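Step one of this worksheet: look at the structure below.
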Amino acid sequence: MSGGIDLILHVWRQTGRDAKGSFKRYEVKDVSTHASFLEMLDILNEQLVTKGEEPVAFDHDCREGICGMCSLMINGRPHGGRKGTTTCQLHMRFFKSGDEIWIEPWRAAAFPVIKDLCVDRGAFDQVIASGGFITANTGSAPDANDNPIPKEAADAAMDAAACIGCGACVAACPNGSAMLFTAAKLSHLHHLPQGQPERARRTLAMVSAMDAAGFGNCSNHYECEAACPKDISRDVIAELNRDYAKATFVYRERVHKSDGA
Amino acid sequence: MRDLITGEISSHAAHAVVLATGGYGNAFYLSTNAKGSNVTATYRAYKRGAGFANPAFTQIHPTCIPVSGDYQGKLTLMSESLRNDGRVWVPANKADVAKHPDQISDGARDYYLERKYPAFGNLSPRDIASRAAKEVCDEGRGVGPGGRGVYLDFRDAIKREGRDKIEEKYGNLFEMYERITGEDPYRVPMRIYPAVHYTMGGLWVDYNLMTTIPGLFCAGEANFSDHGANRLGASALMQGLADGYFIIPYTIGHYLAGVPASSLADATSSAFTSIETEVRAKLDKLVDVRGKRSIDSFHKQLGHVMWEGCGMARSKESLEGALAKIPELRDEFWSDVSVLGSKDTFNQSLEKAGRVADFLEFSELLCRDALLREESCGGHFRVEHATPDGEAKRDDERFCHVAVWEHGPTPQRHVEQLVFENVKLATRSYK
Numbered sequence: 149m150s151g152g153i154d155l156i157l158h159v160w161r162q163t164g165r166d167a168k169g170s171f172k173r174y175e176v177k178d179v180s181t182h183a184s185f186l187e188m189l190d191i192l193n194e195q196l197v198t199k200g201e202e203p204v205a206f207d208h209d210c211r212e213g214i215c216g217m218c219s220l221m222i223n224g225r226p227h228g229g230r231k232g233t234t235t236c237q238l239h240m241r242f243f244k245s246g247d248e249i250w251i252e253p254w255r256a257a258a259f260p261v262i263k264d265l266c267v268d269r270g271a272f273d274q275v276i277a278s279g280g281f282i283t284a285n286t287g288s289a290p291d292a293n294d295n296p297i298p299k300e301a302a303d304a305a306m307d308a309a310a311c312i313g314c315g316a317c318v319a320a321c322p323n324g325s326a327m328l329f330t331a332a333k334l335s336h337l338h339h340l341p342q343g344q345p346e347r348a349r350r351t352l353a354m355v356s357a358m359d360a361a362g363f364g365n366c367s368n369h370y371e372c373e374a375a376c377p378k379d380i381s382r383d384v385i386a387e388l389n390r391d392y393a394k395a396t397f398v399y400r401e402r403v404h405k406s407d408g409a
Numbered sequence: 033m034r035d036l037i038t039g040e041i042s043s044h045a046a047h048a049v050v051l052a053t054g055g056y057g058n059a060f061y062l063s064t065n066a067k068g069s070n071v072t073a074t075y076r077a078y079k080r081g082a083g084f085a086n087p088a089f090t091q092i093h094p095t096c097i098p099v100s101g102d103y104q105g106k107l108t109l110m111s112e113s114l115r116n117d118g119r120v121w122v123p124a125n126k127a128d129v130a131k132h133p134d135q136i137s138d139g140a141r142d143y144y145l146e147r148k149y150p151a152f153g154n155l156s157p158r159d160i161a162s163r164a165a166k167e168v169c170d171e172g173r174g175v176g177p178g179g180r181g182v183y184l185d186f187r188d189a190i191k192r193e194g195r196d197k198i199e200e201k202y203g204n205l206f207e208m209y210e211r212i213t214g215e216d217p218y219r220v221p222m223r224i225y226p227a228v229h230y231t232m233g234g235l236w237v238d239y240n241l242m243t244t245i246p247g248l249f250c251a252g253e254a255n256f257s258d259h260g261a262n263r264l265g266a267s268a269l270m271q272g273l274a275d276g277y278f279i280i281p282y283t284i285g286h287y288l289a290g291v292p293a294s295s296l297a298d299a300t301s302s303a304f305t306s307i308e309t310e311v312r313a314k315l316d317k318l319v320d321v322r323g324k325r326s327i328d329s330f331h332k333q334l335g336h337v338m339w340e341g342c343g344m345a346r347s348k349e350s351l352e353g354a355l356a357k358i359p360e361l362r363d364e365f366w367s368d369v370s371v372l373g374s375k376d377t378f379n380q381s382l383e384k385a386g387r388v389a390d391f392l393e394f395s396e397l398l399c400r401d402a403l404l405r406e407e408s409c410g411g412h413f414r415v416e417h418a419t420p421d422g423e424a425k426r427d428d429e430r431f432c433h434v435a436v437w438e439h440g441p442t443p444q445r446h447v448e449q450l451v452f453e454n455v456k457l458a459t460r461s462y463k
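These protein sequence lines are chains F and V, in that order.
Counting with the numbering used here, you get residues 149 to 409 for the letters of the first sequence.
Counting with the numbering used here, you get residues 33 to 463 for the letters of the second sequence.
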């Protein structure tokens, strides 16, 4: 295709979790500027297969910015550093011919590398499993206006629910903290009536699961907010801190009261 | 099952199993499905005895971002809701297709959905809107690269309601469009084209969502229930909720109540170990082909065969052509595919190869079902079965039934008659 761009890639290759990895240099030529970053990697992989070299492993699925599977540190910035953009939505029109691009996996203690650019984000699942849900059984659907929710509350919940759990916040944080992720999940539920009954228990459980999974502490760098492809605001962290302080006072009493119930 | 991270193969016994593994739209390679979506679980269940119903019922969605090049790995859906306010058009004259849309006056625009279907206009059902888009592009009036696109224009809506109102309704979609195409849909009309989106066919299930294999349940897009030949807007989510929240939790309990706990099969018995041996042999076979062609190149080629032969407009000729090409492609796959890396570790190539191998078998079943259904019905449009003005023509005399396929050396087609007691079958007119 004419009008394509030529690139020099430095891609992190690592055969397994405990193996030593290193950058490997590749060249891709004549890449359409309409291609997405992941399609550019597809092109690289086709090239590698033709030469009999194992393709680069990278995570991806929906390729429209909603599933949270894609990752990648691109030139040191999660998802390439364009505001509110996942790697799969990053298009090659933002690069120019001759550019050198450094591509790495997320680097955080809680996200071990599986292979090449794929990391294990199971630690996020542990945080969710500890409380990122409501335990009420589903009954029949309530009438639309039974439970009035102010638009501001619905909007705030929706903004937090935009988190796709990709892990960019952790990768961007100098401490490898998962505060933005955990706080978004809490904020999502805590702006809605369904989230209230278990609010304190949930907050304590998710914060402690976050610590147990090996994430670092938050020291207010706000790199997470800048890196988040879904523009989650750092305000959710303030909400979490407030909820956490409150929960440490109220929660234990409730446990005693509900014992044996 | 194979652990995707460690490559370890293991067997598990259960009284009941639920497959909720999604649809098979990626048989066409390019679709709005996620890249990982595949037919493997349902197709392998079919090969072990579960009936597969109506594989030919696939849905092509009219509002997707058009294909821009052969490097493309997937297509992106622009939500149906956009048709509430957007107006679909192409230039009335072929000569205008390369012009900037602003330079084409209202009189020189053909709002073809409003013209042909005045009652429903831009909100015509998906199959109709898709075929109409194909038609105007076939006439040479399509816009954008390769002439495979139509405009979805918000100019009038923005004029009527103001940009803020439109942004509040569709801001996220406009942003997604801008990311992918580099064009600002507030100023330039969106370009859209139909793409494979949803598959109504799937494993046959009863009202309790159980397949023809006792204890094997199937939920969501993976089964064939609910949508018939054409799914309507937002009802995939509805099915997910209905199957997952309101049906399966109760019907599984009901099934388990009748099964003695002691009846659990022994996962180390020969029934399990012989399957493990088969699974290992298939993985070895894939890795040992050591051919030259990439897995994706086969998948792309299959997708092309399917889109041309079994896409928006199907005919006896096109389907027979596809049915001749698929086995050839399959043979080539098994003699020339290159699956690199080890089978005993995390290996995305091996995962993909297994899925493409299944698509290469399943696509034949899909085309065969489409060939034998000699009528046009919902998402399944046979050009031989159309009214004089090109609309779909159903044949309720011969085809008012579900086709359920049973695996064998030659797949057997069974028929489940559809009986309508309270509602009379009719053909809806959108004109």
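All residues carry an ideal CB built from backbone N, CA and C; glycine is no exception.
None of the values given here were measured: they were computed from a predicted structure.
(request) Determine, using beta carbons only, whether residue 353 of chain F and residue 278 of chain F come nearer to each other than 8 Å. (result) Position 205 of the first sequence, counting from 1, holds the residue named residue 353 of chain F. Position 130 of the first sequence, counting from 1, holds the residue named residue 278 of chain F. In this structure, residue 278 of chain F lies closer than 8 Å to residue 353 of chain F by Cβ.
(message) To the nearest angstrom, how far is the alpha carbon of residue 196 of chain F from that of residue 175 of chain F?
(response) Numbered from its first residue, the first sequence carries residue 196 of chain F at position 48. Numbered from its first residue, the first sequence carries residue 175 of chain F at position 27. Whole-angstrom Cα-Cα distance: 11 Å.
(message) Which residue wins for smallest C-alpha separation from residue 136 of chain F, given the options F/314, F/157, F/313, F/309?
(response) Residue 136 of chain F is absent from the structure shown; chain F starts at 149 and stops at 409.
(request) Taking a Cβ distance cut-off of 7 Å, strictly less, list which residues of the region 351–376 of chain V are near chain F, in chain order. (result) 370, 372, 373
(message) If distances are taken between C-alpha atoms only, which option among V/74, V/318, V/264, V/406 comes closest to residue 113 of chain V?
(response) Against the second sequence, residue 113 of chain V aligns to sequence position 81. It is V/264.
(request) Please confirm whether residue 408 of chain V and residue 414 of chain V have their CB atoms less than 8 Å apart. (result) Translated into positions along the second sequence, residue 408 of chain V becomes position 376. Translated into positions along the second sequence, residue 414 of chain V becomes position 382. A contact, by the Cβ cut-off of 8 Å.
(request) Taking residue 190 of chain F as the query, report the chain V residues whose CB atoms sit under 8 Å from its CB, ordered along the chain. (result) Sequence index remark: in the first sequence, residue 190 of chain F carries index 42 (1-based). Going along chain V in sequence order, the residues near residue 190 of chain F (Cβ under 8 Å) are 103, 105, 328.
(request) Could you tell me the boundaries of the beta strand (DSSP E) in which residue 92 of chain V lies? (result) Along the second sequence, read from residue 1 onward, the residue named residue 92 of chain V stands at position 60. First-last of the beta strand (DSSP E) with residue 92 of chain V: 90–96.
(message) Quick check on residue 149 of chain F - is its C-beta less than 8 Å from some C-beta in chain V?
(response) The sequence position of residue 149 of chain F within the first sequence is 1, counting from 1. Low confidence applies to residue 149 of chain F: its pLDDT is 42, below 50, so where it sits in the model is not reliable enough to give any reading.
(request) Please look up how many angstroms separate the CB atoms of residue 267 of chain F and residue 250 of chain F, rounded, as I've assumed it's under 8 Å. (result) Mapped onto the first sequence, residue 267 of chain F falls at position 119. Mapped onto the first sequence, residue 250 of chain F falls at position 102. Contact flag wrong, Cβ pair sits at about 17 Å.
(message) Measuring alpha carbon to alpha carbon, tell me which residue in V/351, V/136, V/231 is nearest residue 261 of chain V.
(response) Translated into the one-based positions of the second sequence, residue 261 of chain V becomes position 229. Comparing Cα-Cα distances from residue 261 of chain V to each of V/351, V/136, V/231, the minimum goes to V/231.
(request) Run through the region 326–364 of chain F for me and flag every whole alpha helix (DSSP H) of 4 or more residues, listed as ranges in chain order. (result) 327–338, 347–360
(message) Looking at chain F, is there any beta carbon in it that lies within less than 8 Å of the beta carbon of residue 211 of chain V?
(response) Counting from one through the second sequence, the residue named residue 211 of chain V turns up at place 179. By this cut-off, residue 211 of chain V is an interface position.
(message) Quick check on the burial criterion: 16 or more other C-beta atoms within 10 angstroms. Buried or exposed for residue 95 of chain V?
(response) If you number the second sequence from 1, residue 95 of chain V lands on position 63. Result: buried.
(request) Kindly confirm or deny that the region 358–376 of chain V and the region 320–336 of chain V touch, where touching means at least three C-beta pairs closer than 8 Å. (result) Yes, the region 358–376 of chain V is in contact with the region 320–336 of chain V.
(message) When you compare the CB of residue 214 of chain V with every CB in chain F, is at least one pair closer than 8 Å?
(response) Indexing the second sequence from 1 puts residue 214 of chain V at position 182. Judged by the 8 Å Cβ criterion, residue 214 of chain V is in contact with chain F.
(request) Kindly provide the ranges of any alpha helix (DSSP H) runs that are 4 or more residues long and lie completely inside the region 182–262 of chain F, ordered along the chain. (result) 185–199
(request) Would you give the residue range spanned by the alpha helix (DSSP H) that residue 449 of chain V belongs to? (result) Here residue 449 of chain V refers to the residue found at position 417 when the second sequence is read from its first residue. Where residue 449 of chain V is concerned, there is no enclosing alpha helix (DSSP H), although the beta strand (DSSP E) it sits in stretches over 444–449.
(request) Leaving aside the five residues before and after residue 252 of chain F along the sequence, list all residues of the same chain whose C-beta is less than 6 Å from its C-beta, in chain order. (result) The sequence position of residue 252 of chain F within the first sequence is 104, counting from 1. Hits under 6 Å: 160, 221.
(message) Could you compute how far the alpha carbon of residue 427 of chain V sits from the alpha carbon of residue 446 of chain V?
(response) Looking up residue 427 of chain V in the second sequence gives position 395. Looking up residue 446 of chain V in the second sequence gives position 414. Taking the straight line from one Cα to the other gives about 18 Å.
(message) Which residues in chain V have a C-beta closer than 8 Å to the C-beta of residue 180 of chain F? List them in chain order.
(response) Taking the first sequence and counting its residues from 1, the one referred to as residue 180 of chain F is at position 32. Neighbours of residue 180 of chain F on chain V, chain order: 100, 101, 103.
(message) Assuming contact is defined by CB atoms lying nearer than 8 Å, are residue 312 of chain F and residue 385 of chain F in contact in what I supplied?
(response) As a position in the first sequence, residue 312 of chain F is number 164, starting the count at 1. As a position in the first sequence, residue 385 of chain F is number 237, starting the count at 1. Not closer than 8 Å, so no.
(message) Applying the 10 Å Cβ sphere with the 16-neighbour rule, what's the burial state of residue 241 of chain F?
(response) For this step, residue 241 of chain F is matched to residue 93 along the first sequence. Exposed: under 16 other Cβ atoms inside 10 Å.
(message) Tell me the residue span of the alpha helix (DSSP H) that contains residue 342 of chain V.
(response) Indexing the second sequence from 1 puts residue 342 of chain V at position 310. Residues 327–342.
(request) Would you please verify whether the beta carbon of residue 297 of chain F is less than 8 Å from any beta carbon of chain V? (result) The count along the first sequence starts at 1 and reaches residue 297 of chain F at position 149. No, residue 297 of chain F lies away from the interface with chain V (no Cβ there is under 8 Å from its Cβ).
(message) With H, G and I counted as helix, E and B as strand and the rest as coil, what does DSSP make of residue 208 of chain V?
(response) Within the second sequence, residue 208 of chain V is the residue found at index 176, counting from 1. Of the three classes helix, strand and coil, the one that applies to residue 208 of chain V here is helix, per DSSP.
(request) List the residues of chain F that residue 37 of chain V touches, going by C-beta distances under 7 Å, in chain order. (result) Walking along the second sequence from the start, residue 37 of chain V turns up at place 5. Chain F residues near residue 37 of chain V: 262.
(message) Counting only Cβ-Cβ distances shorter than 7 Å, please list the residues of the region 226–237 of chain F near chain V, keeping chain order.
(response) 233, 237
(message) Tell me the DSSP secondary structure of residue 86 of chain V in three-state form.
(response) The residue you call residue 86 of chain V lines up with position 54 of the second sequence. Three-state DSSP puts residue 86 of chain V in coil, outside helix and strand.
(request) Go through its chain and collect everything with a Cβ distance to residue 172 of chain V's Cβ below 6 Å, but skip five positions before and after it. (result) If you number the second sequence from 1, residue 172 of chain V lands on position 140. Hits under 6 Å: 126.
(message) Using a 10 Å radius around the Cβ and a threshold of 16 neighbouring Cβ atoms, would you call residue 286 of chain F buried or exposed?
(response) As a working mapping, residue 286 of chain F is identified with position 138 in the first sequence. When all chains shown are included, residue 286 of chain F counts as exposed.
(message) Would you say residue 378 of chain V lies against chain F (beta-carbon separation less than 8 Å)?
(response) Looking up residue 378 of chain V in the second sequence gives position 346. Output row for residue 378 of chain V: interface = yes.
(message) Please list, in chain order, the chain V residues whose beta carbon lies closer than 8 Å to that of residue 209 of chain F.
(response) Position 61 of the first sequence holds residue 209 of chain F. Those within 8 Å of residue 209 of chain F in chain V are 66, 67, 68.
(request) With residue 313 of chain V as the anchor, note down where its alpha helix (DSSP H) starts and where it stops. (result) Residue numbering aside, residue 313 of chain V sits at position 281 when the second sequence is read from its first letter. 302–320 is the span of the alpha helix (DSSP H), which, as asked, contains residue 313 of chain V.
(request) Give a yes or no on whether the C-beta atoms belonging to residue 337 of chain V and residue 314 of chain V are separated by under 8 Å. (result) Looking up residue 337 of chain V in the second sequence gives position 305. Looking up residue 314 of chain V in the second sequence gives position 282. It is not a contact, given that the beta carbons lie outside the stated cut-off.
(request) Compare the C-alpha of residue 225 of chain V against each of V/167, V/463, V/439, V/349 and name the closest. (result) On the second sequence, residue 225 of chain V is found 193 positions in, with the first residue counted as 1. Here the closest residue by C-alpha is V/167.
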